[in-house]
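Numbering (the numbering used here), first residue to last: 94 to 298. Even for Gly, the Cβ is constructed at its ideal location relative to N, Cα and C. Working notes, beginning with the structure itself.
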C-alpha cells in the first residue's frame, strides 16, 4: 500500500456516496501524498533557496504503477519544480486515475445506476488494503491525518488539529497541499461570482 491509496480509501470511507474523482482537492492531496512517499523512498529531496524545489534522486524501487508515473514525470533539470507547481500539474485528474487503479485491483466496485448502463459511483470493497488503510487512519498516523484534514475530511473521532509531523520536507509538502486547496476554493468562488454576474446580464437584472 502507498500513502495516496490509503488517502483515497480514507476519503471514500468517510465520505460515502461521493465520487472522489469529481473533487479537485482530493487530486491535490493525492499528488502531495505521492511526493511524500517519494521523499520517504529517497527518490526525491527538496532543495533550492526556499527549500521547496523537487530534486530527483536515484531511481526509486516501487512496484506501484502510479508512483512510477510520478517519478517519470519529475522535472529533471535545475532549477527544478516547486512543490506547489507539482501539485497542480501532477494532480490533474489524479483522483480518477487512483479510483481506476483501485478498481482494477478489486478494492473498488461500481454501483449500477438503476436500469441504465452508465457506471455508478465507486464503492469500496471489503479488502485487505481497505482494512490496512482503516488501521492507519484509526491510529491517527500523522501524515495521513494531515492529508485527510487538508482535503476537507472530518469525522467525530478527529480531536482538533492533526498531529504534528517531525520532518521539515514533509511539512513543506503538507503546507503546499493546504495552500493549493485554499487556492482551489478561491478559484471556485470567483468562478461562481462570475457565472452569477453573467446569468444576471442575460436575465436583465
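How is the alpha helix (DSSP H) around residue i delimited, first residue to last?
{"i": "residue 139", "result": "That residue, residue 139, is in no alpha helix (DSSP H); its beta strand (DSSP E) goes 137 to 140."}
{"i": "residue 236", "result": "235 to 243"}
{"i": "residue 189", "result": "187 to 197"}
{"i": "residue 301", "result": "In the structure as shown, the chain begins at 94 and stops at 298. Residue 301 is therefore absent and cannot be evaluated."}
{"i": "residue 164", "result": "158 to 165"}
{"i": "residue 226", "result": "221 to 231"}
Strictly by DSSP, which residues pair up with residue i?
{"i": "residue 107", "result": "Note: residue 107 sits in no beta bridge, so no partner."}
{"i": "residue 118", "result": "Its beta-bridge partners do not exist; DSSP assigns none."}
{"i": "residue 175", "result": "146"}
Got a sec, what are the start and stop residues for the beta strand (DSSP E) residue i sits in?
{"i": "residue 216", "result": "215 to 217"}
{"i": "residue 201", "result": "201 to 203"}
Are there 16 or more other CB atoms within 10 angstroms of the CB of residue i, so buried, or fewer, so exposed?
{"i": "residue 216", "result": "exposed"}
{"i": "residue 130", "result": "buried"}
Whole angstroms are fine: how far does the CA of residue j sit from the CA of residue i?
{"i": "residue 222", "j": "residue 102", "result": "9 Å"}
{"i": "residue 132", "j": "residue 199", "result": "28 Å"}
{"i": "residue 236", "j": "residue 271", "result": "13 Å"}
{"i": "residue 152", "j": "residue 218", "result": "33 Å"}
{"i": "residue 279", "j": "residue 273", "result": "10 Å"}
{"i": "residue 171", "j": "residue 137", "result": "13 Å"}
{"i": "residue 94", "j": "residue 157", "result": "8 Å"}
{"i": "residue 197", "j": "residue 203", "result": "11 Å"}
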